[in-house]
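Asker:
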Amino acid sequence: MTELYKLSIHEAGQLLRDKKISSVELTQAHLDRVREVEPQVKAFTLITDELALQQAQEADKRFASGENVHPLTGIPIAIKDVICTKDITTTAGSRMLEHFKPPYNATVMERLNEAGIVMIGKTNMDEFAMGSSTEHSAFFPTKNPWDLERAPGGSSGGSAAAVAAGMAMGSYGSDTGGSIRQPGALCNLIGLKPTYGRVSRFGLIAFASSLDQIGPFARNARDAAILLQAVAGYDKCDSTSSPVDVQNYGAALNGSIKGMRIGVPEEYMIEGTQPGVAQAVQENIERLREMGAEIVSVSLPHTKYGVAAYYIIAPAEASSNLSRYDGIKYGYSYRDTTDLWEGMEKTREFGFGSEVKRRIMLGTYALSAGYYDAYYKRAEKIRTLIKQDFDKAFETVDALVSATSPTVAFKIGEISDPYQMYLNDIFTIPANLAGICGVSIPGGFSEGLPVGMQLLGNTFKEDTLLRIADAFEQVTDYHTRWPQALATV
Ligand code: GLN
Numbered sequence: 000m001t002e003l004y005k006l007s008i009h010e011a012g013q014l015l016r017d018k019k020i021s022s023v024e025l026t027q028a029h030l031d032r033v034r035e036v037e038p039q040v041k042a043f044t045l046i047t048d049e050l051a052l053q054q055a056q057e058a059d060k061r062f063a064s065g066e067n068v069h070p071l072t073g074i075p076i077a078i079k080d081v082i083c084t085k086d087i088t089t090t091a092g093s094r095m096l097e098h099f100k101p102p103y104n105a106t107v108m109e110r111l112n113e114a115g116i117v118m119i120g121k122t123n124m125d126e127f128a129m130g131s132s133t134e135h136s137a138f139f140p141t142k143n144p145w146d147l148e149r150a151p152g153g154s155s156g157g158s159a160a161a162v163a164a165g166m167a168m169g170s171y172g173s174d175t176g177g178s179i180r181q182p183g184a185l186c187n188l189i190g191l192k193p194t195y196g197r198v199s200r201f202g203l204i205a206f207a208s209s210l211d212q213i214g215p216f217a218r219n220a221r222d223a224a225i226l227l228q229a230v231a232g233y234d235k236c237d238s239t240s241s242p243v244d245v246q247n248y249g250a251a252l253n254g255s256i257k258g259m260r261i262g263v264p265e266e267y268m269i270e271g272t273q274p275g276v277a278q279a280v281q282e283n284i285e286r287l288r289e290m291g292a293e294i295v296s297v298s299l300p301h302t303k304y305g306v307a308a309y310y311i312i313a314p315a316e317a318s319s320n321l322s323r324y325d326g327i328k329y330g331y332s333y334r335d336t337t338d339l340w341e342g343m344e345k346t347r348e349f350g351f352g353s354e355v356k357r358r359i360m361l362g363t364y365a366l367s368a369g370y371y372d373a374y375y376k377r378a379e380k381i382r383t384l385i386k387q388d389f390d391k392a393f394e395t396v397d398a399l400v401s402a403t404s405p406t407v408a409f410k411i412g413e414i415s416d417p418y419q420m421y422l423n424d425i426f427t428i429p430a431n432l433a434g435i436c437g438v439s440i441p442g443g444f445s446e447g448l449p450v451g452m453q454l455l456g457n458t459f460k461e462d463t464l465l466r467i468a469d470a471f472e473q474v475t476d477y478h479t480r481w482p483q484a485l486a487t488v
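Numbering that gives the first Met the number 0 puts the first residue of the sequence shown at 0, with every later residue one more than the last.
1. Residue 416: beta carbon under 6 Å from a heavy atom of the ligand GLN?
2. Please name the residue or residues paired with residue 231 in a DSSP beta bridge.
3. Who are the Cβ neighbours of residue 446 in its own chain at under 8 Å, not counting the five residues just before and after it?
4. Would the region 285-299 and the region 391-401 be scored as touching if the rule is three or more Cβ pairs under 8 Å?
5. The ligand GDP and residue 176: does any heavy atom of the ligand fall closer than 6 Å to the residue's C-beta?
6. Nearer than 6 Å: is that true of the beta carbon of residue 131 relative to any heavy atom of the ligand GLN?
7. In the structure shown, what three-state DSSP assignment does residue 389 receive?
8. Can you check whether the CB of residue 128 is closer than 7 Å to the CB of residue 206?
9. How would you call residue 488, buried or exposed, if buried means at least 16 neighbouring beta carbons within 10 angstroms?
10. Under the three-state reduction of DSSP, which class applies to residue 448: helix, strand or coil?
11. Is it a yes or a no for the region 24-35 touching the region 51-64, going by three-plus beta-carbon pairs under 8 Å?
12. Within 6 Å: the Cβ of residue 205 and any heavy atom of the ligand GLN?
13. Thinking residue 210 and residue 82 are a contact (beta carbons under 8 Å), I'd like their distance in whole angstroms, please.
14. The ligand GLN heavy atoms versus the CB of residue 154: any closer than 6 Å?
15. Residue 253: buried (16+ other C-beta within 10 angstroms of its C-beta) or exposed?
16. In the DSSP output, what is residue 121 paired with across the bridge?
17. Which of the three DSSP states is assigned to residue 94 in this structure?
18. For residue 410, list the residues DSSP reports as bridge partners.
19. Residue 374 to residue 367, Cα distance in whole Å?
20. Assuming the contact rule is C-beta atoms closer than 8 Å, residue 17 and residue 181 should be a hit. Round their C-beta distance to whole Å, please.
21. Within its chain, find whatever has a CB closer than 7 Å to the CB of residue 120; leave out the 5 residues flanking it on each side and keep chain order.
22. In the structure shown, what three-state DSSP assignment does residue 470 receive?
23. What is the DSSP secondary structure of residue 488, reduced to helix, strand or coil?
24. Per DSSP, what kind of secondary structure is residue 293 in: helix, strand or coil?
25. As an exercise, report each continuous alpha helix (DSSP H) stretch of at least 4 residues that is fully enclosed by the region 232-259, in chain order.
26. Are the Cβ atoms of residue 412 and residue 436 separated by less than 7 Å?
27. Here's the rule: buried if 16 or more other CB atoms are within 10 angstroms of the residue's CB, otherwise exposed. What is residue 234?
28. Assuming residue 164 and residue 144 are in contact, meaning their beta carbons sit under 8 Å apart, how far apart are those beta carbons, in whole angstroms?
29. What residue ranges within the region 156-191 form continuous alpha helix (DSSP H) runs of no fewer than 4 residues, ordered along the chain?
30. Helix, strand or coil, according to DSSP, for residue 263 in the structure here?
31. Sorted by chain position, which residues of the same chain lie with C-beta nearer than 8 Å to residue 312's C-beta, five sequence neighbours on each side aside?
32. Only counting the same chain, and skipping five residues up and downstream in sequence, which positions put a Cβ closer than 6 Å to that of residue 317?
33. Hey, would you say the C-beta of residue 128 is under 6 Å away from at least one heavy atom of the ligand GLN?
34. Buried or exposed, going by whether 16 or more other CB atoms sit within 10 Å of the CB of residue 80?
35. How about residue 223 and residue 245: are their beta carbons less than 7 Å apart?
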């Protein structure tokens, strides 16, 4: 049999249910893999090995009794360190929360625990999910398993690297402007951002509340369907979660996209996209046509304002959300003073990293009297126009296709200008502003590095995206490849 860590979730699930393998064996194989490759990749802020083995034993009991078995029972999963885990350190990649043990679980965690997952650990991320490289983690950068000198993308870089390196079978991240899809692209994974409201945000440490969404990383569409199914649906603890019925994502994977209409937004075909990326996407579009889809050109005319609007709205919401870190309520606290104000100032001076401070300043400025109308209000108007562009496009197409990121994985330290870093999300940001769903799927390679292809779908059309992703996997082998950089270790 192939190494256990190379199995897909659906294969492993079958073997577990047939009692051909145990969850303890499967978990041990992953912990061995962690021991072998984690020192180079550095995907985790915390490895919960003892808990994992305990949960694996619990899972094996479920299989023995045949009761309460879920497609994720006994499956090793990694969790981005921005999702609250009861009594288990949840740092959000920040000094501010370095020792923070949440007194409750995120709803997503509650659902996963009920399903009986095995949690391998918490994964590294850009501080408070602000970034596209995981270099802004307060602790250490994560390396891309495809080339250890390169970044895995971000902000959910640890969640992506863990799955790409075989240290977890699937993982969860959060996507505010691209933080699941972009690292998914750079690490050759499926990275899915659900429709806003599809997955509960209760217990997700907030960055920008009107944009944040939790979603899965997987090595194939079927696994992504299982991971999304397990967490999707209304939650009374999150008033922005949607009561719309959750589809059966597995059933949507019927292998065919015949007759589907897929739009190519002309505004997403821009100069500045690396030629290798543009070429791979072009070839994939041809492939979608050969598979029976009708390819049509569409226009999303307000795309060019997306990044600018996002970098007003997201920092504005962040400046409000992050005001709670004052050294008094919880988290890091500067104590070497008797002055209350100095205590708060120093807490925030030492507790936050430079990118987070930049965002807080941008956001506070944009919201301040005199500037609110000029910046924040205008950005919100652009947001509406971007949403209307998508509404119009989805009147005639089932999905949109583009590159996920204009480049393949860049070198750690290569991008020092914050604005250049922000431009990484040029193709991913509009979906967050509009609240629609999107996925990055393995779309080929350029100079040995993965290229991600993005599919965007209308609200609650995750089933359509997963169907296309699954059908695409039937005619390509990109998703089956493993990073060579780790093979010799
Ligand atoms: N890179 C974007 C930012 O820095 C998006 C991050 C995210 O989706 N969390 O804001």
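A virtual CB, placed ideally from N, CA and C, is assigned to each residue, including glycine.
Answerer: Reading it off the structure:
1. No, the Cβ of residue 416 stays beyond 6 Å of every heavy atom of the ligand GLN.
2. 198
3. 275, 407
4. yes
5. As far as ligands go, the structure on display features the ligand GLN and does not contain the ligand GDP.
6. yes
7. helix
8. Yes, Cβ-Cβ distance for residue 206 and residue 128 is below 7 Å.
9. Legend: pLDDT at residue 488 = 49, less than 50; position of this residue unreliable, value from coordinates given subsequently. Looking at its Cβ environment, which holds fewer than 16 other Cβ atoms inside 10 Å, residue 488 is exposed.
10. Looking at residue 448 - three-state DSSP - the assignment turns out to be strand.
11. yes
12. no
13. Not really, about 16 Å apart at Cβ, beyond 8 Å.
14. yes
15. exposed
16. 45, 78
17. It is helical.
18. 149
19. 10 Å
20. Actually they are not in contact, since the Cβ atoms of residue 17 and residue 181 sit about 37 Å apart, beyond 8 Å.
21. For residue 120, same chain residues with a beta-carbon under 7 Å away, outside a window of 5 residues either side, are 43, 45, 46, 47, 77 in chain order.
22. helix
23. Residue confidence for residue 488 is low, a pLDDT of 49 falling below 50, so the modelled location carries little weight; the figure read from the coordinates is stated next. Residue 488: coil per DSSP, three-state reduction.
24. strand
25. 248-251
26. Not in contact: residue 412 and residue 436 (Cβ atoms no closer than 7 Å).
27. buried
28. Indeed, because the Cβ distance is near 4 Å, the residues count as touching under 8 Å.
29. 156-163, 180-185
30. strand
31. 207, 209, 210, 375, 378, 379, 382, 432
32. 206, 207, 358, 362
33. yes
34. buried
35. no
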